[in-house]
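Participant: What follows is a structure written as structure tokens; I'll ask about it next.
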Amino acid sequence: MEVILIGFMGSGKTTVSKILAEKLNKTVVDMDQAIVESEKRSISEIFEDEGEEYFRKIEHEILLRVLRTHDGILATGGGTPLRIDNQQILKKCDVPVILLEASSETTYSRIKADSGRPLANGLSAKQLESVKRQRVQSYNSCADYKIITDDLTPEMVVSKVLAFVSSWNSKVKKHKCS
Ligand code: S3P
Numbered sequence: 002m003e004v005i006l007i008g009f010m011g012s013g014k015t016t017v018s019k020i021l022a023e024k025l026n027k028t029v030v031d032m033d034q035a036i037v038e039s040e041k042r043s044i045s046e047i048f049e050d051e052g053e054e055y056f057r058k059i060e061h062e063i064l065l066r067v068l069r070t071h072d073g074i075l076a077t078g079g080g081t082p083l084r085i086d087n088q089q090i091l092k093k094c095d096v097p098v099i100l101l102e103a104s105s106e107t108t109y110s111r112i113k114a115d116s117g118r119p120l121a122n123g124l125s126a127k128q129l130e131s132v133k134r135q136r137v138q139s140y141n142s143c144a145d146y147k148i149i150t151d152d153l154t155p156e157m158v159v160s161k162v163l164a165f166v167s168s169w170n171s172k173v174k175k176h177k178c179s
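In structure tokens form, the structure reads like this:
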């Protein structure tokens, strides 16, 4: 693995991961996509049919599998760092974990029209902000570097990621992911 992106829904993980993949000539695993492929149903259907706990269990299993097998970029789901065991896995990983951050206003404007996120559907800007606030600690606890994306284009975010990865690679490594 080269880079792991974490962050709240709408923080730009998927967009940034695709550009990064091109620049690094690597492939991306998008956690949500991997879950959908593995379960053969949409994220909304999984939440509806099985509930959040089941979704988090699958998400955890896929995180473990991807870290073992994938050499490239990982775009996690917005809720991946919520489980303590996932936080521990991300913390001890030798791969840079980069947190993409955006203000609540930016986040709301990016995701309000998308109905594919069961935990954000129908939430007001204020409610979304409250969910986001509850997660700050989980995100910060496993991030090696944070980028505030509100005023940056995806390409500018990618440049910052690449600069950090380059300095990371020249420093002492942490323990292996797997
Ligand atoms: C979730 C974020 C989503 C997806 C699911 C739950 C969350 O991923 O995994 O809807 O709890 O924040 P994105 O961050 O890619 O939207």
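First residue of the sequence shown? That's 2 in our numbering, and the numbers climb one at a time after it.
Heads up, the beta-carbon is just placed ideally off N, CA and C, and yes, glycines get one too.
Predicted model, so just to flag it, every value in this text is computed and none were measured.
Using 10 angstroms around the beta-carbon of Lys41, count the other beta-carbons present and answer buried if the total reaches 16, otherwise exposed.
Facilitator: As a working mapping, residue 41 is identified with position 40 in the sequence shown. Exposed is the call here.
Participant: If you drop the 5 nearest sequence neighbours on each side, which residues of the same chain put their C-beta closer than 6 angstroms to that of Ile47?
Facilitator: Here the question's residue 47 lines up with position 46 in the sequence shown. Correct list, in chain order: Glu40 and Phe56.
Participant: Is DSSP giving Asp86 helix, strand or coil here?
Facilitator: Indexing the sequence shown from 1 puts residue 86 at position 85. Looking at Asp86 - three-state DSSP - the assignment turns out to be helix.
Participant: Look up Leu75 in the DSSP assignment and give the residues it is bridged to.
Facilitator: Here residue 75 corresponds to residue number 74 of the sequence shown, with the count starting at 1. DSSP lists Ile5 and Val30 as partners of Leu75.
Participant: Would you please verify whether the beta carbon of Met2 is less than 8 angstroms from any beta carbon of chain B?
Facilitator: Absent from the structure is chain B; it holds one protein chain and no more.
Participant: Identify the continuous beta strand (DSSP E) that holds Lys147 and give its terminal residues.
Facilitator: In the sequence shown, the residue the question calls residue 147 occupies position 146. DSSP places Lys147 inside the beta strand (DSSP E), whose first and last residues are Tyr146 to Ile149.
Participant: Quick one: what's got a C-beta closer than 7 angstroms to Leu129's C-beta in the same chain, skipping five residues either side?
Facilitator: What you label residue 129 is simply residue 128 of the sequence shown in a count that begins at 1. Here the set comprises Ser105, Thr108, Tyr109 and Ala121.
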